[in-house]
Each structure stands twice: as structure tokens, then as C-alpha cells.
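Trainee: So the protein sequences, as listed, match chains C and E.
Okay, so the first sequence: first residue is 26 according to my numbering, each after it adds one.
Okay, so the second sequence: first residue is 49 according to my numbering, each after it adds one.
For each residue, glycine too, the CB sits at the ideal point set by N, CA and C.
Note that this is a predicted model, so its numbers are computed, not measured.
Before we start, here is the structure in question, set down as C-alpha cells.
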Amino acid sequence: MNTLSYDIAVIGGGPAGLAAAVKARELGMDRILLVERDYELGGILQQCIHDGFGLLRFKKQLSGCQYAQKFIDLVAEGGIDVLCDTMVLELTDDRRIYAVSAQEGLLEIRAQAVILAMGCRERTRPQVSIMGSRPAGVLTAGSVQRYINMEGYLPGKKAVILGSGDIGLIMARRMTLEGIEVEGVYEVMSSLGGLRRNKVQCLDDYGIPLHLSTTVTKIHGNKRVEAVTVALVGSDGKPVRETERVIPCDLLVLSVGLIPENELSRKAGVQLHPVTRGPVVDDTMMTSVPGVFAAGNVVAVFDLVDYVSRSGEIAAQGAADFIRRQSAQENMVDTVAGSNVGFVLPQRVSADCRGKEINLYLRVRKPMKDVRADIMCNGKILKSTHYGVANPPEMIALRLVPDGPLDGPLTVDVR
Amino acid sequence: MTANKQEILAAFSEGLKKFDLDSSAVSARIEDDGILTLEGSTKTWQTAVDIGHMAAKLPGVHNVVSDLTAPGAVPLKRKDSAPYRAMGVVDKADVVIIGGGVTGCAIARQLTQYRVNILLLEKEEDLCEGSSKANNGMVHSGYDSKPASLKARLNVRGNAQYTKWAQQLGFQFNRTGSFVCGFGEEDRATIESLYDNGVTNGVPGIEIISGDRARELEPGLSDGVQFALWTPSAGYAEPYEVTLALAENAVDNGARFRLGCEVVDILTEDGRVRGVVTKQGVILCDCVINAAGLYADEIAEMSGDRFYSIHPRRGALVIFDKENKGKIHTFSGVAPNNYTKGGGPEETPEGTLLWGPSALEVPDKEDRDVDREDVEFILEKGMHLTKGIDPRSVITYFSGNRAATYSEDFVIQNSRKIRGFIHVAGIQSPGFASAPAIAELVESLYLGQNPNAPINTAFNPIRKPEPAFRDCTQEERDRLIAENPAYGRVICRCETVTEAEILRAVHGKIPARTMDAVKRRTRAGMGRCQSGFCGSRVLELLAREWKLDPSEVTLKGKGSEILVRPSRNTGRNAE
């Protein structure tokens with residue numbers, strides 16, 4: 026087994042990992058390693074050939090590939106070490122990484138700081154309790170995207186999409202353009218799961234119907250999907266049997282949510298948050314394990330890649346500071362998800378953050394109109410921001426520059 | 049005998065009265081050998097099954113052939129074999145085994161101890177595609193079967209042989225023991241009668257123990273358990289691993305396998321087996337062993353000796369995320385109240401928490417649905433028996449069908465009508481546990497017909513398992529990668545399966561041609577993401593190795609292609 030030694034090792038070469046590596050170089054970090062399990066860098070952006078990426082960062086409509094390439098070029102320019110086609114098998118709580126690749130064999134990588142950027146995975150059929158048989162033709166939206174955009178093959182002729190998350194909406198349009206008939210998009214919740222702009226551009230423009238409060242209850246067909254049963258969902262969240270109808274199709278596409286991929290984090294003893302299912306982090310993106318940072322969708326599922334990149338940069342800054350200081354931050358206060366808030370990222374911030382910018386990311390629990398997002402500390406409103414609408418799928422990003430030390434938990438209310 | 053036949057029919061008519069039927073809806077006839085044949089129709093399939101069970105229990109009835117129909121039932125149909133006969137003779141063997149489940153593969157291996165030409169035929173494109181892949185892998189101790197039944201005898205004997213099998217064939221086997229749990233005095237009589245059964249059947253080490261003692265043995269057991277039947281000899285293996293290990297060892301010892309080779313007729317002449325007609329052509333042989341599982345009655349019909357019917361009893365299984373590893377070790381069930389006790393929580397040798405199966409009579413042998421009721425039943429039962437397990441960590445569920453006869457016992461015997469035809473039917477729970485003893489019994493039947501079968505002096509019972517990367521130490525991993533760099537490329541992340549292992553499966557003794565075949569041999573796709581990550585990569589490897597277009601790669605045989613056609617001008621296809 027070869028042993029390598031780095032200042033910063035980044036696990037995952039998607040948008041979070043790329044941004045973290047590039048930023049770490051900018052900050053003067055010398056020995057940086059980026060480890061990626063796929064054949065090339067870019068993560069899920071590789072298969073995102075649609076546009077809409079980078080509006081905040083580059084003020085331009087880029088495709089996912091273009092967005093990723095900007096960072097991949099910077100990685101190359103910065104002379105950052107990259108290991109692709111390399112799988113990390115284990116991370117220890119003293120920042121040793123065990124990885125393997127066909128070229129390098131087994132590797133032990135020791136790093137002064139580790140940045141977790143493994144992203145997320147898609148929820149699958151059993152996690153949304155679809156009954157029936159197990160034929161070919163049941164795929165997650167991300168798999169369909171990979172098959173069509175990267176492998177160049179179509180996985181069906183007539184599709185039903187379950188879930189109105191962003192990938193499902195994007196794939197409705199993509200499949201339509203490729204000549205797959207999209208019968209409709211079904212959403213178990215009573216409101217859209219993805220961004221409104223995606224509904225307009227991907228469903229409305231193509232006349233694809235969206236059926237809210239409706240779910241797929243059963244898959245038919247032994248070898249290949251022959252049909253699915255859909256049903257309206259009652260107020261108890263359960264399908265109403267009397268409303269069942271059978272839709273012939275040969276492809277069921279699932280866009281039913283994402284789960285941060287934290288198997289490595291868990292093994293390393295990183296504390297995970299029950300709502301985000303990602304590591305509990307502070308305002309430097311450091312996890313509960315000193316020197317182990319996390320960025321992007323491994324922390325919580327973001328909806329804009331710009332936020333993901335930003336979190337990578339914050340983690341890189343945190344990692345650089347950690348290495349120079351060789352100690353964790355002291356004097357932390359918790360952030361608290363207040364009324365109608367599902368979660369707030371980060372979960373801890375430094376109390377001595379006078380004059381320092383704190384980025385808070387949060388999601389509301391239920392859709393609301395004409396609301397204020399208030400950041401409060403000890404009963405005092407530090408910042409109040411007005412929003413015309415607040416929807417659970419659309420993450421709220423808040424910036425706070427406190428003018429004094431925080432003397433208690435930071436609560437965010439949306440009301 | 050005539051009077052007896054009339055008595056049986058009278059008893060049957062009497063038995064029918066408790067069913068709500070028109071008088072002419074169901075008719076019965078009885079043969080001299082005690083085979084009762086039922087015809088007619090019922091309003092529900094469950095009623096048809098209940099009538100079959102009632103009939104099979106009548107004194108003097110040896111077994112039941114039921115052609116009763118009900119809504120949803122798929123009547124047994126003879127297949128048109130003419131086009132396949134026309135293909136001519138494509139192969140010859142001494143023994144043809146029909147069915148590549150655990151039973152057929154065990155028999156194939158057993159008979160390779162003799163220098164005879166053995167050919168196993170499987171209609172699907174891989175072995176282990178029927179009941180053998182969709183059971184919970186339990187090696188039952190044998191307290192459950194009716195004393196003096198074939199099941200009881202073969203189960204206890206088969207169970208005892210599993211340790212040797214596991215050593216010889218190199219599969220994982222954990223003798224975990226099993227519980228039947230009593231939650232109150234109302235369960236005591238059932239558990240005591242199971243205990244008596246077990247003692248009669250010769251189950252080693254069987255005892256009734258206190259709830260506290262049970263929790264010492266299995267700390268994950270519910271605090272509500274007051275006492276339990278404990279049989280230390282019960283255990284678990286992975287059923288697909290055992291089936292493939294048997295097949296590979298059979299190949300090593302000279303047996304041949306034909307996959308995708310469905311039998312459509314049996315050729316007989318002067319009351320003797322002459323061969324089989326398959327979708328690949330005619331295969332001549334002197335002996336046919338019917339190990340066709342759910343379809344054993346259809347094969348029996350082709351031979352002209354059908355004296356049982358197979359009614360599929362569906363069982364669903366639920367698999368949990370590996371994060372639950374170690375929470376439960378031994379099997380636990382509740383006091384039963386049905387034909388099958390169904391299953392309970394257990395941990396497979398791979399460390400996967402598995403609950404189930406449920407039990408539901410279904411009219412269609414191809415019905416492998418999982419319904420909400422199945423999942424609710426399994427989770428409710430499991431939560432009742434255990435503690436500390438989050439039902440939200442379920443990663444998948446699936447179902448299979450038990451190949452049950454109405455007598456609910458195994459049927460393993462020479463045909464009384466066709467020389468050279470051996471029935472191995474009704475192999476349902478505890479068929480997996482009994483497999484070693486079933487193979488022995490079939491061996492003795494075969495030797496009865498062929499007493500001079502020459503011994504295969506080169507027979508080697510040992511199969512050396514190939515290393516699984518995930519189970520290797522770092523040093524072993526280093527060595528494997530040094531020998532073959534493909535061990536360094538992880539394809540399935542959840543189960544840590546490498547490209548080398550997938551290539552090994554594709555080019556193995558029973559080559560894997562489908563995604564499911566790769567999964568059964570390597571675990572690629574069995575983990576928490578359910579092939580979301582590795583699916584496209586396994587597909588790519590299968591296409592590359594078999595020189596197929598990606599759109600020809602299937603999940604589980606023809607008709608289950610993953611990809612339909614190339615997209616316009618995008619992707620690698622355009623290069």
C-alpha cells in the first residue's frame with residue numbers, strides 16, 4: 026500500500042469538491058489532492074447538459090458541463106493533484122483516507138484537513154413504497170439522465186414520472202426532446218417539488234401535465250414495465266383506492282428526493298443531523314470531527330450549484346485556517362430552526378464573528394406568501410429579510426455580518 | 049378398494065358443504081392409487097385452494113390434482129411442441145434434470161459422483177431464477193413438519209448436512225439457531241405442540257426456554273417475549289450463493305447446463321423415458337428428473353403422470369440497510385396459525401437484516417408482486433418481535449412463490465407409469481434446508497433404476513470460493529490488485545464490488561449474462577442505492593464482455609432489456 030501525504034484531501038470531484046480544491050490553492054495551500062470515483066471530474070454536472078447553471082456566480086446561463094469545466098480548468102492550472110477512477114473505502118477520525126484504484130492500487134492518504142464532498146444519491150422505489158412487480162424499466166431520474174446524455178441510449182418509449190423534483194422536471198423535457206412520450210408527472214405532495222422556473226420551462230412549454238397529490242402505487246409487468254397504477258392521495262397522505270387508474274407505459278422515472286451520501290462520514294464518527302441527513306457543521310463547514318470539513322450536497326441537498334460551490338469555498342477557507350491554527354474554533358453558538366423552518370445550515374457558528382460574514386442556508390417547512398425571515402439572537406432581531414413567497418423546494422440563503430459577538434443561539438424564523 | 053373410493057368421494061362431498069358453492073360447481077373423481085382430481089370453478093382462488101387442502105386431508109387421499117378455476121387462475125396448458133421437435137436432436141445425455149433451482153443443482157452435483165452424462169435444463173437465462181432466489185435462506189431445524197412426513201425426515205437430515213456442504217462448497221453458513229416466540233399463555237399450547245413435533249422429528253437440542261434466556265441469546269428480541277421454542281441447529285445461508293456453488297461444483301465434476309432451455313414435452317416410448325423436447329430442440333436421455341419447482345405439475349403432465357398440482361403461495365421479503373448489521377442474529381418467529389408459519393426477522397450471513405416472508409395463495413405462478421398488505425404484515429410482525437430497528441431503513445422488497453402441493457409435503461418418487469421419470473415436486477419450505485437430503489434420496493432412486501452406474505473416481509466435492517474484495521484484509525487486497533488491477537476498480541460502491549469480480553462472474557462456470565445474474569454472483573446492485581450508481585457500469589461491462597449492443601443487455605432475460613434504442617446524436621454512441 027502506498028502512503029501519500031497532503032495538506033488538504035478533498036473526497037469527491039463534483040462542484041463542491043472542485044470549488045474547495047480551487048479555493049484551497051488560492052489560499053496558498055501547497056499540497057492538495059482531489060479524489061474522484063468516476064472516470065473524470067465534474068460529478069453529476071457531467072450529465073447535466075441543460076442550462077441554468079451559474080446564474081449567481083457567473084451571471085450567465087451555463088450548462089452543467091460548462092460550469093464544471095470552468096473549475097476543472099482551474100484545477101489543472103493550479104497543478105492540483107487529481108486521482109480519478111479512485112474509490113475511497115474508508116475515512117478514519119484521525120484523517121487517514123483509504124482509497125483504491127486500478128492504477129494506484131491501495132492508497133493510504135494522510136491529510137491535515139479532509140473535505141467531504143461526496144454529494145448525494147437518489148432515493149429509490151422502496152423508499153417511496155411503490156408496490157407490484159420488479160421489471161426492467163424502473164429507473165431514477167439521474168440514471169435516465171446518465172443513460173441518455175452520457176451513454177447515448179433511451180431507456181423507454183413511454184414514460185411516467187413520479188416526483189416533481191428538479192431532476193424529474195428536467196428529464197421530462199429531455200425525454201420529450203428525445204422522442205420519449207412523457208405521459209405526465211405525478212407528485213404525492215400538494216405542491217411542486219422543484220423550482221418554479223423548471224416547471225414553466227420543462228413541463229408547461231411542452232404541454233406535459235403535472236398531477237399534484239397523486240402518486241404511483243403499483244408497477245405492472247414481469248420482464249419490462251407494462252403499466253403503472255396511480256391514485257390520488259388523501260389528506261392522511263395515503264393513496265385512495267377508489268381513485269386508482271392504470272396507465273400503460275414502459276418506463277417509470279423516479280425523482281423522489283436525494284439523500285446525502287454519508288457512509289464514509291458515519292464510519293469516521295462524524296455527527297449527522299437528523300433532518301438534513303448530512304454532517305452537523307459550523308460556519309467554517311467543519312464537522313464534529315476536528316479537521317474534517319464538508320461541503321455541498323453531502324451536507325444538505327442544495328438546489329443551486331452556486332450555493333454548492335460557495336460551501337466548498339467556505340470549507341476550503343475553514344480547512345486552511347484549521348491547518349494554520351491547528352485547533353478547532355472555540356466559543357460556538359448553535360443555530361436554531363425556528364417557526365416554519367425545516368433546517369438551518371450551518372448548525373453552529375462562531376460566537377466571535379464580529380465583522381465576519383456568515384452564510385445561512387435554510388428551507389421552509391410549508392409554502393407561505395409575503396413573509397419575513399428573521400435572524401434573532403437573545404430576542405433581538407439581527408436581520409430581517411422580506412420574501413414575496415417562500416417554498417420548501419427553494420432554499421433561502423441569508424447573509425449576516427454581526428456587529429458584535431453573539432451571546433446566545435441564533436434563531437431563524439420565517440413568518 | 050371400490051367401497052373405499054366411494055367413501056372418499058362421500059367424505060369429499062361432505063367436506064364441500066362448508067363452502068358456499070353451487071352443488072354442481074365442483075366435481076371430483078378418485079383413482080385407485082388415491083389420487084383425487086378436482087374440476088369446476090369457484091368464486092375466489094382462496095376457495096379453490098381451501099377445497100384442495102380439504103380434499104388432501106381426507107383419509108385415503110394420497111394427493112390432489114386440482115383443475116379448479118377461479119378468477120385470475122391460469123389453467124395448465126399443454127404446449128405445442130411440433131416446431132421444436134422439428135429442430136431435431138441437438139443433444140444427448142444419460143440424465144436430464146429439469147429446473148436450475150437449489151433442488152436441481154443439488155441433484156446434479158450429487159449424481160456427478162457417478163460417471164454418467166448429466167445435463168441440467170433451465171428455462172430462464174440464469175440459474176436460481178425461481179423460488180430459490182426469493183426465499184429467506186433459512187436452514188430450518190425441522191420442528192415444524194408433520195411427523196412421519198417426507199418433509200420432516202429430509203429437513204432434519206438435510207439440516208445436519210449443511211455444515212459439511214458449506215465446508216465443501218465454500219459458501220457462507222451461520223448456524224444461528226431459531227426461536228418461536230410466545231407472548232402469553234395463549235401461545236403455550238402451540239409452542240408445546242411444536243416442541244413435541246420437534247422431539248418426534250429428532251431435532252437436536254430443541255427446548256422451551258424463558259424470555260430472559262431467549263434475550264440472553266438474542267438481545268434484540270422484544271421484551272414482550274415470555275418464553276420461546278429454541279432450536280440451536282437452525283441456520284442461514286444465501287440461497288443464490290448455495291445454488292450457484294452447487295452448480296459450479298457440478299460443472300467441475302462433469303455436469304453440463306443449458307440455460308434458456310425450456311422443456312415443452314417429454315418423449316416416452318413403451319412406458320420409458322426417451323428424451324425431452326425443448327425450445328432449443330430435442331434432447332435424448334434415459335432418465336428425466338423433474339425438479340421444475342412451480343412448474344413441476346406441468347412437466348408431470350407432459351410425461352403423462354400428473355398426480356399433484358402446484359399452487360403457488362407467494363411470500364414477500366423485506367431487506368434493510370446494512371447500517372442495521374448486528375442488531376439481530378437469530379431467526380425469530382411467532383406461534384403460527386396457518387399452513388405456513390411465514391418468516392420473521394433474521395440476519396443473512398452477509399449481515400443484511402431480512403424480514404419475512406409473508407404467505408398468500410395466488411392463482412398465477414408468475415405473480416411476484418409485493419402488495420402493501422405484505423409489507424405491512426412483515427413490518428408489523430417484525431416490530432412486534434424485535435426492538436431498536438427503524439422500519440424506514442428498508443432498502444428493498446421482493447417476492448417469490450412456494451411450490452406447494454395440496455398434500456403440503458414433498459413428492460419425491462419414481463413415476464409409477466413412466467420408467468426413468470423421477471418426480472421431485474412440492475419442494476417448498478423447508479426445501480432449501482432439505483436440499484442435501486433430497487439430493488441423496490434422488491441419488492438412491494436413480495441407483496435403484498441404474499444399479500450399475502459406474503462410480504466417478506475423479507469426483508471432487510470441493511469448490512474453492514473466489515475472494516470477495518469487500519471481505520479481504522488490506523494485505524490481501526494489495527496482493528489481488530497486484531495480480532489483477534481490475535480488483536482496484538470498484539464498480540458497486542454500496543457493496544464494494546470490483547470490476548475483477550464482475551468479470552469473474554461473467555466468465556464463470558455458469559456465465560452471468562444478465563444484470564440480475566451478475567448481482568447474484570457478486571452483490572453488485574444489492575446495496576442501499578439499488579444499482580443507481582453501478583447499474584450503468586455493470587451494463588457497460590456486460591455489453592463489452594458479451595460483445596452486445598447496450599440495448600441488448602437485459603435485467604433478467606429476453607424482454608427485460610434496460611435500454612430501448614440509441615438516442616439521436618448524443619453521447620458515446622455518436623463517436
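At 3 residues or longer, what runs of the beta strand (DSSP E) sit wholly inside the stretch 337 to 409 of chain C?
Mentor: Counting whole runs of 3 or more residues, the stretch 337 to 409 of chain C contains the beta strand (DSSP E) stretches 357 to 362, 366 to 370, 373 to 375, 383 to 389 and 393 to 402.
Trainee: Looking only at DSSP bridge pairs, what is proline 264 of chain C linked to?
Mentor: Taking the first sequence and counting its residues from 1, the one referred to as residue 264 of chain C is at position 239. Note: proline 264 of chain C sits in a beta bridge opposite C:Val258.
Trainee: From glutamate 609 of chain E to glycine 157 of chain C, what does the alpha carbon distance come to, in whole angstroms?
Mentor: To locate residue 609 of chain E, count along the second sequence from 1; it is residue 561. To locate residue 157 of chain C, count along the first sequence from 1; it is residue 132. Their Cα atoms are separated by approximately 19 Å.
Trainee: From methionine 196 of chain C to valine 369 of chain C, what distance separates their C-alpha atoms?
Mentor: Here residue 196 of chain C corresponds to residue number 171 of the first sequence, with the count starting at 1. Here residue 369 of chain C corresponds to residue number 344 of the first sequence, with the count starting at 1. Their backbone Cα atoms lie some 29 Å apart in a straight line.
Trainee: Spatial neighbours of isoleucine 383 of chain C within its chain, please: C-beta separation below 6 Å, excluding the five flanking residues on both sides.
Mentor: In the first sequence, residue 383 of chain C corresponds to position 358, counting from 1. Asp308, Val374 and Leu425.
Trainee: Between the stretch 571 to 588 of chain E and the stretch 533 to 544 of chain E, do at least 3 Cβ pairs fall closer than 8 Å?
Mentor: Yes, since at least three Cβ pairs between the stretch 571 to 588 of chain E and the stretch 533 to 544 of chain E fall closer than 8 Å, the two stretches touch.
Trainee: Which residues mark the beginning and the end of the alpha helix (DSSP H) in which lysine 212 of chain E is found?
Mentor: Numbered from 1 along the second sequence, position 164 holds the residue referred to as residue 212 of chain E. Lysine 212 of chain E -> alpha helix (DSSP H) spans 198 to 217.
Trainee: What residue does the alpha helix (DSSP H) around arginine 198 of chain C start on, and which one ends it?
Mentor: Walking along the first sequence from the start, residue 198 of chain C turns up at place 173. It spans 191 to 202 - the alpha helix (DSSP H) in which arginine 198 of chain C sits, taken as one unbroken run.
Trainee: Which residues does DSSP pair with alanine 124 of chain C in a beta bridge?
Mentor: As a working mapping, residue 124 of chain C is identified with position 99 in the first sequence. Per DSSP, C:Val113 and C:Leu132.
Trainee: Under 8 Å, Cβ to Cβ, is there at least one residue of chain C near serine 599 of chain E?
Mentor: In the second sequence, residue 599 of chain E corresponds to position 551, counting from 1. Yes, because at least one Cβ of chain C sits closer than 8 Å to the Cβ of serine 599 of chain E.
Trainee: Return the first residue and the last residue of the alpha helix (DSSP H) that aspartate 564 of chain E is part of.
Mentor: As a position in the second sequence, residue 564 of chain E is number 516, starting the count at 1. Aspartate 564 of chain E -> alpha helix (DSSP H) spans 563 to 570.
Trainee: Answer yes or no: do glutamate 212 of chain C and leucine 235 of chain C have a C-beta to C-beta separation smaller than 8 Å?
Mentor: Counting from one through the first sequence, the residue named residue 212 of chain C turns up at place 187. Counting from one through the first sequence, the residue named residue 235 of chain C turns up at place 210. For glutamate 212 of chain C and leucine 235 of chain C, yes; Cβs fall inside 8 Å.
Trainee: What are the boundary residues of the alpha helix (DSSP H) that glutamate 255 of chain E is part of?
Mentor: The residue given as residue 255 of chain E occupies position 207 in the second sequence. Element bounds for glutamate 255 of chain E: not the alpha helix (DSSP H) but the beta strand (DSSP E), 255 to 258.
Trainee: With leucine 131 of chain C and aspartate 526 of chain E assumed to form a contact (beta carbons below 8 Å), what rounded beta-carbon distance in angstroms separates them?
Mentor: Against the first sequence, residue 131 of chain C aligns to sequence position 106. Against the second sequence, residue 526 of chain E aligns to sequence position 478. At roughly 5 Å, the Cβ-Cβ gap stays under 8 Å, so leucine 131 of chain C and aspartate 526 of chain E are in contact.
Trainee: Under the rule that 16 or more other beta-carbon atoms within 10 Å means buried, what is leucine 114 of chain C, buried or exposed?
Mentor: Residue numbering aside, residue 114 of chain C sits at position 89 when the first sequence is read from its first letter. Burial call: buried.
Trainee: Identify the contact partners of tyrosine 445 of chain E in chain C, using a Cβ-Cβ distance below 7 Å as the criterion.
Mentor: Taking the first residue of the second sequence as 1, we reach residue 445 of chain E at position 397. Chain C residues near tyrosine 445 of chain E: Pro151.
Trainee: Against chain E, with Cβ distances strictly below 8 Å, would arginine 159 of chain C count as a contact?
Mentor: Counting from one through the first sequence, the residue named residue 159 of chain C turns up at place 134. Output row for arginine 159 of chain C: interface = yes.
Trainee: Roughly how many whole angstroms lie between the Cα atoms of arginine 291 of chain C and proline 533 of chain E?
Mentor: Position 266 of the first sequence, counted from the start, is the residue given in the question as residue 291 of chain C. Position 485 of the second sequence, counted from the start, is the residue given in the question as residue 533 of chain E. Approximately 29 Å between the Cα atoms of the pair.
Trainee: Note down, in chain order, every chain E residue with its Cβ under 9 Å from the Cβ of glutamate 147 of chain C.
Mentor: As a first step, residue 147 of chain C must be located in the first sequence, where it is residue number 122. Near glutamate 147 of chain C (Cβ distances below 9 Å), the residues of chain E are Cys577 and Gly580.
Trainee: Measuring alpha carbon to alpha carbon, tell me which of E:Asp419, E:Ser281, E:Ala339 and E:Tyr288 ends up nearest alanine 407 of chain E.
Mentor: In the second sequence, counting from the first residue as 1, residue 407 of chain E sits at position 359. Ranking the options by Cα distance to alanine 407 of chain E, first place goes to E:Asp419.
Trainee: Go ahead and label aspartate 139 of chain E buried or exposed: buried means 16 or more other beta carbons lie within 10 angstroms of its beta carbon, across all protein chains shown.
Mentor: In the second sequence, residue 139 of chain E corresponds to position 91, counting from 1. Buried, since its Cβ has 16 or more Cβ neighbours within 10 Å.
Trainee: Given that a residue counts as buried once 16 or more other Cβ atoms are within 10 Å of its Cβ, and exposed if not, what is serine 260 of chain C?
Mentor: To locate residue 260 of chain C, count along the first sequence from 1; it is residue 235. The residue is exposed, with fewer than 16 neighbouring Cβ atoms inside 10 Å.
Trainee: Please classify methionine 135 of chain E as buried or exposed, where buried requires at least 16 other C-beta atoms within 10 Å of its C-beta.
Mentor: Indexing the second sequence from 1 puts residue 135 of chain E at position 87. It is exposed - the Cβ of methionine 135 of chain E has fewer than 16 other Cβ atoms within 10 Å.
Trainee: Using a Cβ-Cβ distance under 8 Å, would isoleucine 173 of chain C count as near chain E?
Mentor: The sequence position of residue 173 of chain C within the first sequence is 148, counting from 1. By this cut-off, isoleucine 173 of chain C is an interface position.
Trainee: May I ask you to list, following chain order, the residues of the stretch 176 to 202 of chain C that have a beta carbon less than 9 Å from some beta carbon of chain E?
Mentor: Listed by position, the residues of the stretch 176 to 202 of chain C near chain E (Cβ gap below 9 Å) are Glu176, Gly177, Tyr178, Leu179, Pro180, Gly181, Lys182 and Leu202.
Trainee: Take glycine 152 of chain E as the anchor and find which of E:Leu493, E:His359, E:Glu170 and E:Asp142 has the nearest alpha-carbon.
Mentor: Numbered from its first residue, the second sequence carries residue 152 of chain E at position 104. Per the Cα distances, E:Glu170.
Trainee: Name the residue from E:Leu265, E:Gln216 and E:Ser75 whose alpha carbon lies nearest to the alpha carbon of alanine 298 of chain E.
Mentor: Residue mapping note: residue 298 of chain E aligns to position 250 of the second sequence, counting from 1. Alanine 298 of chain E has its Cα closest to that of E:Gln216, out of E:Leu265, E:Gln216 and E:Ser75.
Trainee: For valine 125 of chain C and glycine 38 of chain C, I'd like the C-alpha separation in whole angstroms.
Mentor: Position 100 of the first sequence, counted from the first residue, corresponds to residue 125 of chain C. Position 13 of the first sequence, counted from the first residue, corresponds to residue 38 of chain C. Spanning the two alpha carbons is a distance of roughly 16 Å.
Trainee: Mind listing which residues of the stretch 236 to 248 of chain C have their C-beta closer than 7 Å to chain E's C-betas, in chain order?
Mentor: Against chain E - using a Cβ distance shorter than 7 Å - the residues of the stretch 236 to 248 of chain C are Asn247 and Lys248.
Trainee: When the Cα of threonine 211 of chain E is compared with those of E:Arg569, E:Ser281 and E:Thr400, which residue comes out closest?
Mentor: Reading the second sequence from its first residue, position 163 is the one you call residue 211 of chain E. Nearest option by C-alpha distance: E:Ser281.
Trainee: Is valine 442 of chain E close to chain C, meaning its C-beta is less than 8 Å from at least one C-beta of that chain?
Mentor: Against the second sequence, residue 442 of chain E aligns to sequence position 394. By this cut-off, valine 442 of chain E is an interface position.
Trainee: How far does the alpha helix (DSSP H) with cysteine 145 of chain C in it reach, from first residue to last?
Mentor: The sequence position of residue 145 of chain C within the first sequence is 120, counting from 1. Run containing cysteine 145 of chain C: none in the alpha helix (DSSP H); it sits in the beta strand (DSSP E), 145 to 147.
Trainee: Nearest-angstrom Cα distance between asparagine 386 of chain E and proline 252 of chain E?
Mentor: Position 338 of the second sequence, counting from 1, holds the residue named residue 386 of chain E. Position 204 of the second sequence, counting from 1, holds the residue named residue 252 of chain E. Low per-residue confidence applies at asparagine 386 of chain E: pLDDT is 42, beneath 50, and the placement is therefore not dependable enough to give any value.
Trainee: Given this structure, state the Cα-to-Cα distance separating isoleucine 192 of chain C from methionine 214 of chain C, to the nearest angstrom.
Mentor: For the purposes of this step, residue 192 of chain C is identified with residue 167 of the first sequence, where counting begins at 1. For the purposes of this step, residue 214 of chain C is identified with residue 189 of the first sequence, where counting begins at 1. Spanning the two alpha carbons is a distance of roughly 16 Å.
Trainee: Roughly how far, in whole angstroms, is the beta-carbon of isoleucine 376 of chain E from the beta-carbon of methionine 350 of chain E, given that I think they are within contact range, below 8 Å?
Mentor: In the second sequence, counting from the first residue as 1, residue 376 of chain E sits at position 328. In the second sequence, counting from the first residue as 1, residue 350 of chain E sits at position 302. Their Cβ separation, rounded to whole angstroms, is 44 Å, which puts isoleucine 376 of chain E and methionine 350 of chain E out of contact at 8 Å.
Trainee: Given 8 Å as the limit, is there contact between the stretch 47 to 54 of chain C and the stretch 63 to 76 of chain C, that is, 3 or more CB pairs closer than that?
Mentor: Contact fails: fewer than three Cβ-Cβ distances are below 8 Å.
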